[in-house]
Amino acid sequence: MALKDEENIEAYGQSYNTMTPGSTAKFWRTCVIWQFLRFIAINIKMIVVVGKSH
Amino acid sequence: MARLVVLGGGVAGHTTATFAAKWLGSGHEVVVVTPNAKWNWIPSNIWVGVGKMSKEDVTFDLAPVYAKGGINYKQAKALSLNPEGNESSDKPFVTIEYTEAGKEGQTENVEYDYLVNATGPKLNFGATPGLGEGSQLGEHTVSVCTADHAVHASEELAKCIQKMKNGERQKFLIGTGHGMCTCQGAAFEYIFNIEHELKAAGVRDMADMKWISNESFLGDFGMGGLHIKSMDYTVSSKIFAESLFVERGVKWLIGAHTNKVEAGKIGYELLDGSTGEETFDFAMLIPPFAGVGLKAFNKAGEDITDTVFAPNGFMKVDANYAAGGYENWKASDWPSTYQNPTYSNLFAAGIAFAPPHPISKPMTTPNGTMIVPTPPRTGMPSGIIGKAVAYSVCDLITKGENAHLHEASMADMGAACVASTGTGIFNGTAAAMTVYPVVPDFEKYPGTGRDTDHTFGEIGLAGHWIKRILHTLFIWKAKLNFGWTLIPE
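Read top to bottom, the protein sequences are chains A and B.
Under this note's numbering, the first residue of the first sequence carries the number 1, and numbering increases by one thereafter.
Under this note's numbering, the first residue of the second sequence carries the number 1001, and numbering increases by one thereafter.
Below, the structure is given as structure tokens:
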């Protein structure tokens, strides 16, 4: 049976006290349709910050 | 006719020179002095370092671009400034030494009415025994600071990949090569791009990967970290950074001052005063930065380097260098006009200006070793500063010495950064971030020091697309191609 992501966490090791993404979180990172929407949103956020900085 | 001399053709210097030339027109002269024949889009050196881009993809010849822009280009390095002239003339000048083929070693005094020091950093490999000599990379480690370094790094990486394919485990050590480095972001990009390429090559399980840096927490990046709103929580970059390291199986060693480098191992000291060694088969350690080593002389020929430059070699500007300890730091310590306080026709832009102090909290080991990330000056702030200085100098030239100086404090500007974590049009990812302001202002934004409505970050394929597009856009802009002024810094 394939290990779940959280089963790789080592007790009291560096991985113990942080967030570990699951397969769904990782899926959305490279889902082309969702990332295209994020591309638009991130560009808008960046343009706003660029505008505030000039 | 006035002459503006810009020392340096990197992001800041190139921005200053090209805008000044455009605004001043043919009535005045803009001179660029840089030892390099080529312009380098440094953010993409990471991809050269993993063999995904070539040197030609990230560089172009400066001479034709400066000819197009009406800029007088001298391929030379600056040696010293005489801001008061000399005994025979009151006209200030900079002494340069040519690096251009056929003129190597020839020196010239170039007079100026205004000078902008945008010389960037000296890659101070020599600050750590074994990391290198002076500004030359040593033999034990690789670097991605220049395009040539990155090409060499990719060749060494390819050798390691082949060894792993032959069944030999390899240890990768990436991070900072001194307790006072900056550019943790570049090292962050490199370690995760290597990890991505090892997976693609099918050898990730044969690699041990470790990060070493001078940050007191992962995600500091030389700017004290940042805080991002996530599901109505205000979350430290430490949480997101650690998450990525754990996800990708990269162990970390932080609060470290790398104090020596030998073949196959480094020595370090930690914040608690303990020492240790770390072995490696492949290591990329960012060197600490210093000023390029310009000297300055007064009219009588006396050395006034300490008046014009800070001890680290960066040029003094309108910053508060007497702020004292961390508890006294304010956002207003940071410069806004980048004008030298002693000589009003001298400016510094980009990495070349002396910051008042770090952004991250300085820490010292019980042995007295200072371990503190020094402040980054990434592309966007450097470009904005370069443009503001160009504006100021042009106004001084055209409107007189009482003209208003333009301001661009890093405590009043944001930065958009994209940190690649692996390339690929459908499987690449990058952490896209905005930070506002770059230098935290705890009086204006109590708590985090930043406007959390305009400070954000997320990792995904969209970030990779953005970084790839920025590569094309900024090279287009730097080449002064059609519409170049429409692309913001």
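C-beta atoms are modelled at their ideal positions from N, C-alpha and C, and glycine is treated no differently.
> With 16 other CB atoms within 10 Å as the buried threshold, where does residue 36 (chain A) fall?
Replying inline: Exposed, because fewer than 16 other Cβ atoms sit within 10 Å of the Cβ of residue 36 (chain A).
> For the alpha helix (DSSP H) that contains residue 8 (chain A), what are its first and last residues?
Replying inline: Run containing residue 8 (chain A): none; DSSP gives neither H nor E here.
> What residues in the region 1459-1472 of chain B bring their beta carbon closer than 8 Å to a beta carbon of chain A?
Replying inline: 1459, 1460, 1461, 1462, 1463, 1465, 1466
>> Helix, strand or coil, according to DSSP, for residue 1471 (chain B) in the structure here?
In response: helix
>> Any beta carbon of chain B sitting closer than 9 Å to that of residue 53 (chain A)?
In response: yes
> For chain A, is any of its Cβ atoms less than 9 Å away from the one on residue 1174 (chain B)?
Replying inline: Not an interface residue.
>> I need the straight-line Cα distance from residue 1035 (chain B) to residue 1230 (chain B), nearest angstrom please.
In response: 46 Å
> What residues from the region 1405-1426 of chain B come within 7 Å of chain A, judged by C-beta to C-beta, listed N to C?
Replying inline: 1413, 1414, 1416, 1426
>> Looking only at its chain, what residues have a beta carbon closer than 7 Å to the beta carbon of residue 1336 (chain B), apart from the 5 residues adjacent to it on each side?
In response: 1318, 1407, 1408, 1409
> Thinking just about the alpha-carbon of each residue, which of B:1466, B:1294, B:1434 is nearest to the one in residue 1455 (chain B)?
Replying inline: B:1434
> Is the region 1124-1135 of chain B close to the region 1168-1185 of chain B, with three or more CB pairs under 8 Å?
Replying inline: Taking 8 Å as the limit for Cβ pairs, the verdict is that the region 1168-1185 of chain B does touch the region 1124-1135 of chain B.
> So, helix, strand or coil for residue 1074 (chain B), using DSSP?
Replying inline: Strand at residue 1074 (chain B).
> Can you pull the DSSP bridge partners for residue 47 (chain A)?
Replying inline: According to DSSP, which records beta bridges pairwise, residue 47 (chain A) is partnered with nothing at all.
>> Does any residue of chain A have a CB that is nearer than 9 Å to the CB of residue 1351 (chain B)?
In response: no
>> With a threshold of 9 Å between beta-carbons, can residue 1194 (chain B) be considered close to chain A, or not?
In response: Not an interface residue.
> Using the beta-carbon count (16 or more within 10 Å), is residue 1262 (chain B) buried or exposed?
Replying inline: exposed
>> Starting from residue 1417 (chain B), trace the beta strand (DSSP E) in both directions and tell me its first and last residue.
In response: 1415-1420 is the span of the beta strand (DSSP E), which, as asked, contains residue 1417 (chain B).
> Which runs of the beta strand (DSSP E) fall wholly inside the region 1244-1297 of chain B and span at least 3 residues, in chain order?
Replying inline: 1251-1253, 1256-1262, 1265-1270, 1275-1279, 1282-1286
>> Taking a contact to mean a Cβ-Cβ separation below 9 Å, would you say residue 1207 (chain B) touches residue 1215 (chain B) in this structure?
In response: no
>> Here's the rule I'm using: 16 or more other beta-carbon atoms within 10 Å means buried, otherwise exposed. How should residue 1084 (chain B) be labelled?
In response: buried
>> Between residue 1418 (chain B) and the ligand NAP, is there a pair consisting of the residue's CB and a ligand heavy atom that are separated by less than 8 Å?
In response: Of ligands this structure carries none, so the ligand NAP is not represented either.
>> Just verifying my parser: in three-state terms, what is the DSSP assignment at residue 1460 (chain B)?
In response: strand
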